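Heads up: the sequence shown at position 74 corresponds to 100 in my numbering, and the numbers run straight through without jumps. Every residue, glycine too, gets a C-beta built ideally from N, C-alpha and C. Keep in mind it's a predicted model, so treat the numbers as computed, not measured. Reviewing the structure listed below.
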Amino acid sequence: MANDTQIKENISSDISPAIINEMIKRGVYIGKMKSKSHPKMKNFIFGTRHNLQIINLEKTIAKLNESLEYIKTIAKNKGTILFVATKMPAKLLIKEAAIKCDMPYVEERWLGGTLTNINTILKRIEYFLDLEKRKNSGDLTKYTKKEQLQFEKELAELFHNFNGIKNLKKLPDAIFVVDAAAHKWTINEAIKTKVPIIAIVNTDSDPTRVTYPIPANSESIESIKFILEKITEAVTQEKVAEAITQ
27 MANDTQIKEN ISSDISPAII NEMIKRGVYI GKMKSKSHPK MKNFIFGTRH
77 NLQIINLEKT IAKLNESLEY IKTIAKNKGT ILFVATKMPA KLLIKEAAIK
127 CDMPYVEERW LGGTLTNINT ILKRIEYFLD LEKRKNSGDL TKYTKKEQLQ
177 FEKELAELFH NFNGIKNLKK LPDAIFVVDA AAHKWTINEA IKTKVPIIAI
227 VNTDSDPTRV TYPIPANSES IESIKFILEK ITEAVTQEKV AEAITQ
């Protein structure tokens with residue numbers, strides 16, 4: 027059974043103890059039940075505790091750093107990363123992180139074809155923005171009350187489906203997914219369209235389907251916050267640096 031001391035002893039002395047302590051405190055190392063473990067996650071698992079898989083934090087740090095370097099490159103080149111988390115508790119956090127990074131996000135249901143049928147999605151976004159503009163300008167008041175109610179209902183549905191991605195102009199340069207195992211359709215679409223995937227992979231995930239896997243607890247709010255904080259910091263710092271050099 028792996029305990030906190032053993033987890034710390036397994037970490038290279040080159041890594042800051044403060045970072046390790048924070049990751050342990052925030053539960054980043056806690057995986058799923060051993061019975062749910064994906065065989066391809068074996069190299070990222072340190073041991074077990076109370077039948078839960080324990081994630082090797084040294085490998086989490088290495089993979090997180092790889093992901094952050096890639097994210098910085100995208101931000102430096104003014105690229106777009108689509109943030110995706112449609113399950114609790116991550117959906118409570120993804121919108122805030124994406125807005126801080128000035129990136130699109132999906133926090134509700136993943137619309138089939140968001141990536142694989144991007145042209146249709148972009149047309150729907152264009153229609154949504156046009157209808158929203160017409161409402162704000164008062165143009166819809168020329169219609170009957172019944173017609174206005176129909177427009178309001180349609181606009182509410184469009185807002186629900188497209189508000190988070192309304193600034194998309196093309197396929198994103200990458201997607202960031204919280205919990206790869208819970209978003210298989212999203213991952214499938216990204217693979218089909220060759221959009222690079224950055225994702226938190228818990229011990230029940232297949233990391234080989236993700237371009238930049240980050241092995242970490244995908245069920246704890248604090249663990250998800252830890253990863254999102256690092257990603258947000260990487261994007262915003264790169265954007266600030268870019269603005270200063272212009």
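Rounded to the nearest angstrom, the Cβ distance from I80 to G105 is 35 Å, too far for a contact under 8 Å. Under the DSSP definition of a beta bridge, L108 partners with I201.
If you check the CB distance, K159 and F177 do not come in under 9 Å. Taking the Cα of E259 as reference, the smallest distance to any Cα among E122, H76, H64 and A207 is reached at E122. DSSP places I80 inside the beta strand (DSSP E), whose first and last residues are L78 to I81. Distance from the CA atom of K126 to the CA atom of L254, rounded to whole angstroms, is 11 Å. When Cβ pairs closer than 8 Å are counted between the two stretches, the region 204-214 is seen to touch the region 230-237, the count reaching three or more. Every unbroken stretch of the beta strand (DSSP E) spanning 3 or more residues and falling wholly within the region 145-205 is given here in chain order: 200-204. For the 9 Å CB-CB criterion, K89 and I240 form a contact. Residue range I223 to V227 is occupied by the beta strand (DSSP E) that includes A225. When the beta-carbon positions are compared, L108 and M129 come within less than 9 Å of each other. Around the CB of E215, 16 or more other CB atoms lie within 10 Å, so the residue is classed as buried. The beta carbon of F188 lies closer than 7 Å to those of R150, I151 and F154 in the same chain, with the five residues before and after it left out. Collapsing the DSSP output to three states places P233 in a helix.
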